[in-house]
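Note sheet for the following structure.
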Amino acid sequence: MTLWSLVLILVWLVTFVAGQLFFKRAMELSSATGFRNRKIISILSAGLFSMTISFFLNLGLLQRFDLSYLYPFQGLSVLFISLMAAIVLKEKLTLRLTIGALLISAGIVLVSMS
Amino acid sequence: MRDRPSGFLNPWFQLGLNILCVLAYELLLKAGATATADPSKSWSWTGITGLTSPLIWLAIAFIILDLIIWLYLLKYIPLSIAFPLSRVVDVLVPISCWLMLKEGISPLRWLGIALVIIGLAIVAKPAASLEERL
């Protein structure tokens with residue numbers, strides 16, 4: 841694996857996680873005010889933009905690597921998203937949830953390694 | 003989690019639909035990407051060359067459907083619960099390959115599958131108590 845593909849994988853992960861956080865934030869706000877709100881539309885658009893970049897990078901990576909090689913990185917996204925949801929969105933991250941997310945991440949890594 | 007709709011619009015049922023969509027598009031994306039792989043082309047690292055495959059377009063249709071479902075259920079379920087649960091798809095793929103295609107699963111892979119299932123069960127518990135608080 842070259843440094844370039846590592847950078848691509850990192851950007852793919854970061855845009856994916858950011859997109860999810862934007863989506864959740866937008867939907868949270870929308871339940872109070874509905875969608876006709878400039879702030880919600882911009883957050884939703886930011887999420888879509890972020891997800892689109894992530895989608896094409898994922899496609900480019902899939903053309904280059906086996907799914908089983910890329911999967912462990914996807915597994916890590918479970919952990920990242922739970923952590924970032926707690927930090928950015930102030931969701932309650934209990935010890936139980938953290939352990940669950942950790943096991944799921946580890947499991948996905950093992951599934952794809954073998 | 004106030005005013006949770008029931009029946010077809012139940013967010014947990016929608017989470018199930020979301021998982022089926024992800025299963026469909028992951029397989030389509032990989033098939034389409036493999037069919038169009040040509041790393042010698044410039045810009046291929048952006049994945050843009052994948053758009054020549056009809057499989058990719060079908061996958062995109064599933065992704066859009068999935069996105070609508072996902073946005074809907076995020077209104078009701080915390081991201082830190084919905085996302086880990088949605089990754090059940092990562093054990094469904096190898097298990098369905100094992101059941102339907104008779105592909106072998108190594109002991110290490112079974113261990114991974116077991117870890118994911120235990121993790122899911124642990125995450126599903128707070129999800130259940132979330133329901134009770136309604």
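In order, the protein sequence lines correspond to chains A and B.
For the numbering used here, count along the first sequence from 1 and bump the result up by 840.
For the numbering used here, count along the second sequence from 1 and bump the result up by 2.
Note that beta-carbon positions come from the ideal geometry of N, C-alpha and C, so glycine has one too.
Could you give the C-beta distance for isoleucine 948 of chain A and glycine 915 of chain A, rounded to a whole number, given that I count them as a contact under 8 Å?
Position 108 of the first sequence, counted from the first residue, corresponds to residue 948 of chain A. Position 75 of the first sequence, counted from the first residue, corresponds to residue 915 of chain A. About 3 Å; that satisfies the 8 Å criterion.
Test item: CB-CB of proline 128 of chain B and leucine 929 of chain A under 7 Å
On the second sequence, residue 128 of chain B is found 126 positions in, with the first residue counted as 1. On the first sequence, residue 929 of chain A is found 89 positions in, with the first residue counted as 1. Proline 128 of chain B places its beta carbon 7 Å or farther from that of leucine 929 of chain A.
Per-residue contacts from lysine 864 of chain A into chain B (C-beta, under 7 Å)
In the first sequence, counting from the first residue as 1, residue 864 of chain A sits at position 24. Using a Cβ-Cβ cut-off of 7 Å, lysine 864 of chain A is close to Leu76, Leu81 of chain B, given in chain order.
Tell me the rounded alpha-carbon separation between tyrosine 911 of chain A and phenylalanine 875 of chain A.
Reading the first sequence from its first residue, position 71 is the one you call residue 911 of chain A. Reading the first sequence from its first residue, position 35 is the one you call residue 875 of chain A. Distance between tyrosine 911 of chain A and phenylalanine 875 of chain A, taken at the CA atoms: about 35 Å.
Would you verify that the beta carbon of aspartate 92 of chain B is, or is not, closer than 7 Å to some beta carbon of chain A?
Sequence index remark: in the second sequence, residue 92 of chain B carries index 90 (1-based). Closer than 7 Å to some Cβ of chain A, the Cβ of aspartate 92 of chain B qualifies, so yes.
8 Å Cβ cut-off: residues of chain B touching alanine 941 of chain A:
Taking the first residue of the first sequence as position 1, residue 941 of chain A is located at position 101. By Cβ distance, chain B contributes Ser82, Pro86, Gly121, Val125.
Go through its chain and collect everything with a Cβ distance to valine 854 of chain A's Cβ below 8 Å, but skip five positions before and after it.
Your numbering for residue 854 of chain A matches position 14 in the first sequence. Result list for valine 854 of chain A: empty, nothing under 8 Å.
How should isoleucine 1 of chain B be labelled, buried or exposed, when 16 other C-beta atoms within 10 angstroms of its C-beta is the threshold for buried?
Because residue 1 of chain B is not part of the residues shown, which for chain B are 3 to 136, the question remains open.
Return the CA-CA distance between methionine 3 of chain B and leucine 75 of chain B, expressed in angstroms with no decimal places.
As a position in the second sequence, residue 3 of chain B is number 1, starting the count at 1. As a position in the second sequence, residue 75 of chain B is number 73, starting the count at 1. Its pLDDT being 47, under 50, methionine 3 of chain B is placed unreliably in this model, and the coordinates cannot settle the point.
Any contact of the segment 108-120 of chain B with the segment 3-19 of chain B, i.e. 3+ C-beta pairs under 8 Å?
Too few Cβ pairs lie closer than 8 Å, so no.
Where the alpha helix (DSSP H) through threonine 938 of chain A begins and ends
Taking the first sequence and counting its residues from 1, one reaches residue 938 of chain A at position 98. Threonine 938 of chain A: member of the alpha helix (DSSP H) spanning 935-953, first to last residue.
Is arginine 936 of chain A close to chain B? Criterion is C-beta to C-beta, closer than 7 Å.
Counted from its first residue, the first sequence places residue 936 of chain A at position 96. Arginine 936 of chain A counts as touching chain B.
To which residues of the same chain is isoleucine 80 of chain B closer than 8 Å at the C-beta, ignoring the five residues directly before and after it?
Within the second sequence, residue 80 of chain B is the residue found at index 78, counting from 1. It is proline, not isoleucine, that sits at residue 80 of chain B in the sequence shown. Within the same chain, proline 80 of chain B has close Cβ partners Leu132.
Taking Cβ-Cβ distances shorter than 8 Å, what residues in chain A pair up with threonine 38 of chain B?
As a position in the second sequence, residue 38 of chain B is number 36, starting the count at 1. Simply Gln903.
Against chain B, with Cβ distances strictly below 7 Å, would alanine 886 of chain A count as a contact?
As a position in the first sequence, residue 886 of chain A is number 46, starting the count at 1. Chain B, which has no Cβ nearer than 7 Å to the Cβ of alanine 886 of chain A, makes this no.
What whole-angstrom Cβ distance do leucine 902 of chain A and isoleucine 849 of chain A have, given they're in contact under 8 Å?
Taking the first sequence and counting its residues from 1, the one referred to as residue 902 of chain A is at position 62. Taking the first sequence and counting its residues from 1, the one referred to as residue 849 of chain A is at position 9. Not a contact, Cβ separation roughly 11 Å.
Valine 90 of chain B versus lysine 32 of chain B - alpha carbon distance
Here residue 90 of chain B corresponds to residue number 88 of the second sequence, with the count starting at 1. Here residue 32 of chain B corresponds to residue number 30 of the second sequence, with the count starting at 1. The straight-line gap from Cα to Cα measures roughly 18 Å.
What residues from chain B crowd round serine 871 of chain A, counting only those whose CB sits closer than 8 Å?
On the first sequence, residue 871 of chain A is found 31 positions in, with the first residue counted as 1. Within 8 Å of the CB of serine 871 of chain A, the CB atoms of chain B belong to Lys77, in sequence order along the chain.
Return helix, strand or coil for valine 90 of chain B, following the three-state DSSP convention.
Sequence index remark: in the second sequence, residue 90 of chain B carries index 88 (1-based). Three-state result, valine 90 of chain B: coil.
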